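Numbering (our numbering), first residue to last: 7 to 240.
What follows is the structure in structure tokens.
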């Protein structure tokens, strides 16, 4: 029961974060974190510390975000979760990137890439690969950018990930603009938009199914309660 409660609190926190209700999200994540600490769940604590870090990152309070992602990293290390460690390194890299500390960002992305390269989860590996490609684009290292973006494109195509392909084509567009290749930039931007629209369409369809399923479950639960009440009255 306690675990179900903290998972639900985390879910509500994620919805609040998505809707931009950062104060509400923070309240739910902190409550969930307390529950995970009581349960002594390293992964649960790592998730909620990372979520709190994401809130502070959205608020552009980068010092606080850095502290929470470091705490998340610590719990992921205790849980021996390579994916969790890798994602925390990517988050830390993103903070450095926003602060324009590009060498520090590149170092974190490189550590994440090397760690993710050792596991079979290609979806999360792509997060690291795209991040390191992006930082090479920002710092003007065209050869390294081309190397990592080609790896990302071929892997995203292989595992059929439109989300990552959309990111790849947007970065290729940015690179084309940087080199004044506007014709190719337009082509890549069109590919980005088409994939982005398809991802949004899938998300909307999934959301519709979730709502529909929830409605059916609520109807069934209500019907069961009515039958139970009638039985008790008899």
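We treat Cβ as the ideally placed atom computed from N, Cα and C, and that holds for glycine.
Since this is a predicted model, take the numbers as computed values, not measurements.
Buried versus exposed, by CB contacts within 10 Å (16 or more), residue i
i	result
residue 84	exposed
residue 122	buried
residue 16	buried
residue 235	exposed
residue 106	exposed
residue 149	exposed
residue 26	exposed
Close-in-space but distant-in-sequence residues of the same chain around residue i (CB under 7 angstroms, 5 per side omitted)
i	result
residue 181	143 and 151
residue 139	151, 154, 155, 158 and 177
residue 65	28
residue 190	182
Any non-hydrogen atom of the ligand HEM within 7 angstroms of residue i CB
i	result
residue 113	The ligand content of the structure shown is nil, which means the ligand HEM is not present either.
Three-way DSSP call (helix, strand, coil) for residue i in this model
i	result
residue 8	helix
residue 24	helix
residue 238	helix
residue 146	coil
residue 1	Since the first residue shown for the chain is 7 and the last is 240, residue 1 is missing from the structure and cannot be characterised.
residue 65	coil
residue 114	helix
Cβ-based neighbour list, residue i, same chain, cut-off 6 angstroms, excluding 5 preceding and 5 following
i	result
residue 71	59, 62, 63 and 101
Nonlocal neighbours in the same chain, by C-beta distance under 8 angstroms from residue i, ignoring five residues either side
i	result
residue 96	114, 115, 118, 133, 134 and 137
residue 108	102, 141, 144 and 145
residue 45	8, 9 and 12
- Message: Does the contact criterion of 3 or more C-beta pairs under 8 angstroms hold for the segment 190-203 versus the segment 146-163?
- Response: Contact annotation: the segment 190-203 does not touch the segment 146-163, with fewer than three C-beta pairs closer than 8 angstroms.
- Query: Is there contact between the segment 78-94 and the segment 46-64, where contact requires at least three CB pairs shorter than 8 angstroms?
  - Reply: Cβ pair count under 8 angstroms is three or more, so yes.
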